[in-house]
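Chains as they are written, first to last, in the numbering used here: chain A, 274 to 629; chain B, 274 to 629; chain C, 274 to 629.
The structure under discussion appears below in the form of structure tokens.
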């Protein structure tokens with residue numbers, strides 16, 4: 274951070290009995306508002322443009338009030354107003370992406386989770402350093418495009434929702450597809466089935482799956498729908514489609530619920546624990562929701578291709594619980610779990626440990 | 274309608290405290306009976322042939338009584354008997370399809386929803402007129418098969434559950450696949466992911482997402498399973514399979530639950546509102562359940578390829594609620610929502626506005 | 274069985290008020306423990322190696338106690354200890370597979386379900402004899418690999434979770450793929466969509482879908498995720514991938530929830546009934562959970578490619594109910610249904626009819 278934010282000072286000034294949970298009206302906001310209300314919090318929706326009407330259709334998820342802004346940057350200017358309402362912000366993917374990581378880091382509001390993770394998460398090299406040094410297996414990197422000798426996935430840095438990713442099988446594919454104006458990154462294309470593992474890490478809870486720095490939970494698992502890759506096979510082979518200049522794209526459009534083979538759960542927890550432990554060593558921790566985006570190979574090995582260090586939209590199918598969270602507590606979404614964590618932190622005067 | 278039915282007169286003769294909700298035993302009947310019972314209605318299952326036994330396995334969805342008929346046309350002859358039981362019929366896809374749209378229009382029983390929609394829905398040209406004049410984007414039409422210069426889907430009019438649809442990439446594909454004895458329709462094959470949006474429109478409810486003529490709801494979203502297109506890729510490319518004379522088919526066999534990217538919800542509601550508003554202008558309204566069958570492209574644009582103006586089988590995964598209806602009320606299926614609407618209409622003496 | 278086990282004698286010695294439900298910690302154990310607890314049973318987890326920690330993350334599914342063993346065979350040596358705890362074992366796929374069918378048959382503990390089914394289930398020829406003589410349609414067998422003239426699936430006997438299966442379109446494919454050191458079996462590759470039907474059969478319940486020997490239920494339906502076949506199409510056609518020496522594999526990694534077209538339910542119950550009726554004729558019955566693994570063709574016909582005669586992992590998405598079990602009773606998983614059956618048998622002194 275350019276200038277250190279005085280989050281502790283802000284929290285000190287807060288009326289802890291009147292905390293308002295706020296987020297931007299998109300991504301997983303229905304779940305966040307619904308969960309916050311279930312735990313007795315006031316809610317505030319930050320609406321960029323006219324997006325408020327849909328909440329009329331979902332009364333349980335309708336925030337108590339809206340703050341309407343014309344653009345994301347306006348949020349930065351209105352933090353005082355929000356602090357007066359004792360706002361704690363729940364960041365989600367769209368929030369961080371559209372505000373921009375740099376601006377988000379400067380946001381003068383208490384936010385759920387550790388903002389220092391952004392530096393490690395938004396840079397694919399640092400993300401890899403974090404996860405591989407934690408002992409987590411990732412798809413291999415191909416540093417030089419001329420060395421592509423098996424299927425690879427070319428990803429652009431900071432690409433929004435998978436836009437622009439492409440598959441290459443050799444250097445000529447690469448040359449055909451690459452946009453040299455963007456920073457890219459070439460990784461081995463791992464064959465298998467995808468599981469997006471939705472974890473929650475609490476540094477303040479004491480019961481459960483205990484690790485060095487707190488308690489690790491698995492709340493749900495989804496698989497992303499991606500347009501057009503998911504259904505393009507219906508039209509013909511990729512080779513044939515290429516001739517018609519139809520290329521695969523990887524834009525997230527939705528999510529389906531899945532469960533994973535039960536015998537893989539020890540590995541699931543082990544990976545989550547490694548990511549968290551290493552985060553505490555490197556940058557003060559990973560707390561709250563996070564997601565490991567994985568592929569399970571036919572050798573039943575995990576390859577983690579990405580980490581998201583906040584609530585992911587893949588939790589949206591589980592607004593009333595999942596086959597995993599149902600084994601912890603009825604009707605427990607990730608949104609509600611976040612609100613519970615804030616509630617527990619307020620009650621035990623540990624807000625500083627889960628807010629940054 | 275050849276002869277105008279006196280639905281208002283029928284309803285006048287009804288004992289409103291003893292309404293029976295009836296439907297044909299198939300499609301989404303388990304959900305309809307379960308929902309009706311939850312709202313305190315008597316239920317009657319019209320069984321064509323011996324289909325009653327399965328209800329023994331699902332006690333909550335077992336109708337209070339059965340009317341066994343030998344064929345769909347027998348229903349038309351037994352309407353007096355049904356009216357004596359104060360029956361309101363909930364039409365579903367199989368009901369309308371097997372009875373036939375013409376016969377269904379003549380059915381001398383109060384039915385949920387607007388029967389006048391049938392004329393607009395069963396003719397692909399009028400359906401397109403309705404939706405496009407409402408400002409809803411649909412896949413483009415290719416009027417002349419000789420002009421096929423990109424992938425298209427050839428659909429037969431009134432095809433049952435997708436049977437006989439085929440993909441063509443050029444005129445020679447078309448000639449190979451076409452059955453000239455049937456009326457067909459050629460539309461652009463849109464690449465993307467499919468979302469079947471389950472709406473409910475109430476002209477009598479006052480709270481919620483208000484539109485010109487009432488309140489619009491989104492109850493759930495599914496994706497259809499289609500045999501054999503969904504899994505044929507496992508066997509080889511379409512080009513290769515064609516050589517073995519294996520062709521894709523699109524017969525609906527089931528449904529999976531999905532959620533859509535939250536930032537698309539404003540568009541979802543906008544499309545639903547447009548369809549309903551235009552229906553009121555064109556033919557007196559679209560009320561009760563309906564479904565827009567959509568594709569989301571990698572530009573995050575919707576293309577609507579069909580509308581179903583009644584309960585769809587895609588609501589069946591959500592017999593105890595969905596990630597959307599859970600934000601309105603616990604344990605709310607489309608079947609139950611239908612029963613609630615009838616209950617509200619009875620209580621407020623507005624049955625005439627939701628029955629035709 | 275080499276030596277007849279005296280299960281009746283064991284049960285006689287049991288304290289029926291202190292029955293403990295036990296299973297091996299894997300596969301569907303979370304569901305089994307959760308379900309047993311909901312019905313008021315004590316629970317015991319048999320942990321092979323260090324797998325116990327994950328249960329800390331799922332408190333509702335954490336067994337009351339663990340029995341830690343170093344390998345599956347150690348279970349056989351510790352049956353006395355388990356009998357002293359009035360243990361009834363719930364076998365699942367991993368339990369039977371890793372212990373070995375022969376050893377499982379000799380296990381000197383009361384186990385849920387009919388162990389005599391194993392002889393019929395683990396031998397693909399006997400399995401086929403059972404199902405086809407019951408009037409259930411299966412994919413056709415190709416006895417001679419030289420006769421392969423359409424797509425076939427080559428399966429190895431006793432293959433674990435689909436490992437090593439392959440598709441062949443002709444004899445040369447077969448020769449390329451086959452491992453002659455294993456027993457194999459060639460069957461027609463049926464095109465369609467897969468539905469794994471989770472049944473429960475009770476010889477002691479009296480209400481419901483009654484058959485000759487008891488009551489048949491349908492609790493849920495899933496589709497298996499298989500690595501790498503499910504997502505390999507994203508990389509290119511099978512023909513192209515073959516050139517890169519990338520071959521499809523069929524290793525189960527997870528499950529997704531599905532529902533089936535309602536009009537197929539009468540066939541679903543008919544097939545289940547046939548399998549059970551024939552099992553009573555051939556080997557004393559099929560009771561408790563079982564699963565027919567089916568493909569639905571575009572003619573809406575079922576082909577059953579396998580039967581599993583115990584709880585399958587495909588029930589795991591439904592730990593709090595399914596669109597089918599919700600129509601019987603709230604919050605009813607297969608694991609809970611098993612516990613209910615044991616409870617009913619205890620109360621009516623019929624344990625001998627559901628235990629072997």
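The beta carbon of each residue, even a glycine, is placed where N, CA and C say it ideally should be.
With 16 other Cβ atoms within 10 Å as the buried cut-off, status of residue 596 of chain B: Mapped onto the second chain, residue 596 of chain B falls at position 323. Flag for residue 596 of chain B reads buried.
Would you identify the three-state DSSP class for residue 618 of chain B, choosing helix, strand or coil? Counting from one through the second chain, the residue named residue 618 of chain B turns up at place 345. Helix, per DSSP.
Can you list, in chain order, the residues of its chain whose CB lies under 7 angstroms from that of residue 301 of chain A, leaving out five sequence neighbours each side? The residue given as residue 301 of chain A occupies position 28 in the first chain. Answer for residue 301 of chain A: 365, 584, 586, 588, 589, 608, listed in chain order.
Grab the span of the beta strand (DSSP E) containing residue 362 of chain C for me, first residue to last. Translated into positions along the third chain, residue 362 of chain C becomes position 89. It spans 360–362 - the beta strand (DSSP E) in which residue 362 of chain C sits, taken as one unbroken run.
Continuous alpha helix (DSSP H) stretch holding residue 405 of chain A: start and end: Translated into positions along the first chain, residue 405 of chain A becomes position 132. Its alpha helix (DSSP H) spans residues 397–406.
Measuring only the C-alpha atoms, how far is residue 248 of chain C from residue 580 of chain A? Since the first residue shown for chain C is 274 and the last is 629, residue 248 of chain C is missing from the structure and cannot be characterised.
Other residues of its chain near residue 274 of chain B: CB distance less than 7 angstroms, five sequence neighbours each side excluded: Counted from its first residue, the second chain places residue 274 of chain B at position 1. Since pLDDT at residue 274 of chain B reaches only 41, below the 50 mark, its modelled position is unreliable, and the value read off the structure follows with that caveat. Once the five neighbours on either side are set aside, the close Cβ partners of residue 274 of chain B are 378, 379.
If you follow the beta strand (DSSP E) that residue 469 of chain C is in, where does it begin and where does it stop? Numbered from 1 along the third chain, position 196 holds the residue referred to as residue 469 of chain C. Taken as a continuous stretch (DSSP letters only), the beta strand (DSSP E) holding residue 469 of chain C covers 466–475.
What in chain B is Cβ-close to residue 590 of chain A, meaning under 8 angstroms? Residue 590 of chain A sits at position 317 when you count from the first residue of the first chain. In chain order: 530, 531, 532, 596.
Might you give, ordered along the chain, the residues of its own chain that have their beta carbon closer than 6 angstroms to the beta carbon of residue 323 of chain B, omitting 5 neighbours on each side? Here the question's residue 323 of chain B lines up with position 50 in the second chain. Once the five neighbours on either side are set aside, residue 323 of chain B has no close Cβ partner at all.
Contact with chain C by residue 508 of chain B, beta-carbon distance below 8 angstroms: To locate residue 508 of chain B, count along the second chain from 1; it is residue 235. Yes, its Cβ sits closer than 8 angstroms to a Cβ of chain C.
Using a Cβ-Cβ distance under 8 angstroms, would residue 527 of chain C count as near chain A? Position 254 of the third chain, counted from the first residue, corresponds to residue 527 of chain C. So yes, residue 527 of chain C belongs to the interface.
Counting only beta-carbon atoms, is residue 502 of chain B nearer than 8 angstroms to chain A? For the purposes of this step, residue 502 of chain B is taken as residue 229 along the second chain, with counting starting at 1. Closer than 8 angstroms to some Cβ of chain A, the Cβ of residue 502 of chain B qualifies, so yes.
Out of B:543, B:427, B:424, B:374, which one is the CA nearest neighbour of residue 582 of chain B? Here the question's residue 582 of chain B lines up with position 309 in the second chain. The candidate whose alpha carbon is nearest that of residue 582 of chain B is B:374.
Leaving aside the five residues before and after residue 606 of chain C along the sequence, list all residues of the same chain whose C-beta is less than 6 angstroms from its C-beta, in chain order. Numbered from 1 along the third chain, position 333 holds the residue referred to as residue 606 of chain C. Within the same chain, residue 606 of chain C has close Cβ partners 304, 308, 591, 592.
Contact between the stretch 439–458 of chain B and the stretch 467–486 of chain A: three or more CB pairs below 8 angstroms? no
Would residue 568 of chain C and residue 405 of chain C qualify as a contact pair, given that the criterion is a beta-carbon distance under 8 angstroms? Residue mapping note: residue 568 of chain C aligns to position 295 of the third chain, counting from 1. Residue mapping note: residue 405 of chain C aligns to position 132 of the third chain, counting from 1. Cβ distance not < 8 angstroms, so residue 568 of chain C and residue 405 of chain C don't count as in contact.
Please name the residue in C:602, C:455, C:559 whose C-alpha comes closest to that of residue 475 of chain C. On the third chain, position 202 is the one that residue 475 of chain C refers to. Nearest option by C-alpha distance: C:559.
Indicate whether residue 557 of chain C and residue 398 of chain C have their beta-carbon atoms separated by less than 8 angstroms. Reading the third chain from its first residue, position 284 is the one you call residue 557 of chain C. Reading the third chain from its first residue, position 125 is the one you call residue 398 of chain C. No, the pair does not count as a contact, with Cβ atoms beyond the cut-off.
Name the chain C residues that come within less than 7 angstroms of residue 571 of chain A, Cβ to Cβ? Locating residue 571 of chain A in the first chain gives position 298, where the first residue counts as 1. What residue 571 of chain A touches in chain C: 500, 501, 522, 524.
Any idea what DSSP makes of residue 368 of chain B, helix, strand or coil? Taking the second chain and counting its residues from 1, the one referred to as residue 368 of chain B is at position 95. DSSP places residue 368 of chain B in helix when its eight states are reduced to three.
Does residue 560 of chain C come out as helix, strand or coil in the three-state DSSP assignment? Along the third chain, one-based indexing puts residue 560 of chain C at 287. Residue 560 of chain C: coil per DSSP, three-state reduction.
Which residue comes first and which comes last in the alpha helix (DSSP H) that contains residue 378 of chain C? Taking the first residue of the third chain as position 1, residue 378 of chain C is located at position 105. 374–379 is the extent of the alpha helix (DSSP H) around residue 378 of chain C.
When the Cα atoms are used, what is the spatial distance from residue 331 of chain B to residue 620 of chain B? For this step, residue 331 of chain B is matched to residue 58 along the second chain. For this step, residue 620 of chain B is matched to residue 347 along the second chain. Each residue's alpha carbon lies about 30 angstroms from the other.
Any beta-carbon of chain A closer than 8 angstroms to the one on residue 466 of chain B? Your numbering for residue 466 of chain B matches position 193 in the second chain. True, the Cβ-Cβ gap to chain A drops below 8 angstroms.
From the DSSP output, read off the bridge partner residues of residue 440 of chain A. As a first step, residue 440 of chain A is located in the first chain; it is residue number 167 there, counting from the start. In the DSSP output, where bridge partners are listed per residue, residue 440 of chain A has A:426.
With DSSP collapsed to three states, give me the class of residue 520 of chain B. Numbered from 1 along the second chain, position 247 holds the residue referred to as residue 520 of chain B. Looking at residue 520 of chain B - three-state DSSP - the assignment turns out to be coil, as it is neither helix nor strand.
Is it the case that the Cβ atoms of residue 376 of chain A and residue 346 of chain A are separated by a distance below 8 angstroms? Residue mapping note: residue 376 of chain A aligns to position 103 of the first chain, counting from 1. Residue mapping note: residue 346 of chain A aligns to position 73 of the first chain, counting from 1. It is a contact, given that the beta carbons lie within the stated cut-off.
Residue(s) in a DSSP beta bridge with residue 385 of chain A: As a first step, residue 385 of chain A is located in the first chain; it is residue number 112 there, counting from the start. Note: residue 385 of chain A sits in a beta bridge opposite A:628.
Would the beta-carbon of residue 530 of chain C fall within 8 angstroms of that of residue 530 of chain B? Translated into positions along the third chain, residue 530 of chain C becomes position 257. Translated into positions along the second chain, residue 530 of chain B becomes position 257. Yes, these two residues count as a Cβ contact at 8 angstroms.
Does the beta carbon of residue 600 of chain C come closer than 8 angstroms to any beta carbon on chain B? For the purposes of this step, residue 600 of chain C is identified with residue 327 of the third chain, where counting begins at 1. Yes, residue 600 of chain C counts as interfacial toward chain B.
Proximal chain A residues relative to residue 471 of chain C, where beta-carbon distance stays under 8 angstroms: Numbered from 1 along the third chain, position 198 holds the residue referred to as residue 471 of chain C. Correct list: empty, because the minimum Cβ distance to chain A is about 14 angstroms.
Could you tell me whether the Cβ atoms of residue 363 of chain B and residue 468 of chain B are closer together than 8 angstroms? Translated into the one-based positions of the second chain, residue 363 of chain B becomes position 90. Translated into the one-based positions of the second chain, residue 468 of chain B becomes position 195. The answer is no: Cβ separation not under 8 angstroms.
In chain order, what residues of the same chain lie with their CB nearer than 6 angstroms to the CB of residue 623 of chain C, ignoring the 5 residues before and after it? Here residue 623 of chain C corresponds to residue number 350 of the third chain, with the count starting at 1. Cβ neighbours of residue 623 of chain C beyond the five flanking positions: 477.
Can you check which of these residues, B:454, B:444, B:440, B:412, is closest to residue 430 of chain B by C-alpha distance? The sequence position of residue 430 of chain B within the second chain is 157, counting from 1. Comparing Cα positions, the closest option is B:454.
Residue environment, residue 416 of chain C, which counts as buried when at least 16 other CB atoms sit within 10 Å: Locating residue 416 of chain C in the third chain gives position 143, where the first residue counts as 1. Exposed: under 16 other Cβ atoms inside 10 Å.
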